[in-house]
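Beneath this line is the structure, given in structure tokens, with notes to follow.
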Amino acid sequence: MRALILCLTVIAESTTNSGIYTKEQALRGERSYGESCARCHGANLMGGEGGSPALTGEEFLSRWTGKSAGDLFEGTRKTMPTDDPAGLPRQQYADLVAYLFQANGFPAGDRELPRDLPALNQIRIEKKK
Ligand code: HEC
32 MRALILCLTV IAESTTNSGI YTKEQALRGE RSYGESCARC HGANLMGGEG GSPALTGEEF
92 LSRWTGKSAG DLFEGTRKTM PTDDPAGLPR QQYADLVAYL FQANGFPAGD RELPRDLPAL
152 NQIRIEKKK
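Per our numbering, the sequence shown runs over residues 32 to 160.
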């Protein structure tokens, strides 16, 4: 019984290495990024003037490793863009997070990154494989 529960837990928990967004979704995210985020974080996500941090690379990833996709989604949604927090539809934040995962080298899969928090909380951000 215990082994069964353990096994189910393992199946339920996915990580950024298990294909948790689609290419199409990341493409939508890339478009929104260009419209709403690039002016601060830079077209190449390397950060910009006024203290906007890079959204790719070791430093960014190490800050989020061990947290959940829900943490990144909610953190971004509640504070970004800084001049209009929570100003975009939830779906757009999900697409943006998918784009960030792609930009950080995580693999795409055949299911979209969800936009509801309980599901996002099931996805752990881990080091790249
Ligand atoms: C007006 C400038 C500005 C815009 C536009 C903006 N950001 Fe930011 N962003 C910042 C600043 C400054 C920080 C760092 C301070 C903070 O976290 O509030 C930040 C932090 C972040 C972080 C946390 C970075 C980390 O290392 O943990 C994420 C993720 C993020 N932004 C994503 C986005 C996304 C996605 C958009 C587009 C919807 C966006 N930002 C639009 C200025 C901006």
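No residue lacks a Cβ here, since even glycine has one placed at the ideal position from N, Cα and C.
Note that the structure is predicted; figures quoted are calculated from it, not measured.
Delimiting residues of the alpha helix (DSSP H) encompassing residue i
i           : result
residue 90  : 89-95
residue 153 : Segment: none, residue 153 is in no alpha helix (DSSP H) and carries neither H nor E.
residue 131 : 121-134
residue 71  : 69-72
Proximity below 7 Å, CB of residue i to CB of residue j
i           : j           : result
residue 104 : residue 58  : no
residue 47  : residue 139 : no
residue 124 : residue 60  : no
residue 101 : residue 144 : no
residue 99  : residue 142 : no
residue 76  : residue 134 : yes
residue 126 : residue 63  : yes
residue 122 : residue 94  : no
Which residues DSSP lists as bridging residue i, in chain order
i          : result
residue 46 : 155
residue 63 : The partner list for residue 63 (beta bridge, DSSP) is empty, contrary to what the question assumes.
residue 99 : 155
Rounded separation between residue i and residue j - CA only
i           : j           : result
residue 79  : residue 153 : 32 Å
residue 159 : residue 115 : 32 Å
residue 73  : residue 45  : 30 Å
residue 107 : residue 67  : 12 Å
residue 118 : residue 111 : 8 Å
residue 87  : residue 120 : 23 Å
residue 51  : residue 89  : 20 Å
residue 85  : residue 97  : 19 Å
residue 70  : residue 83  : 10 Å
CB contact check: residue i to chain C, cutoff 7 Å
i          : result
residue 75 : The displayed structure is made up of one protein chain only, and chain C is not part of it.
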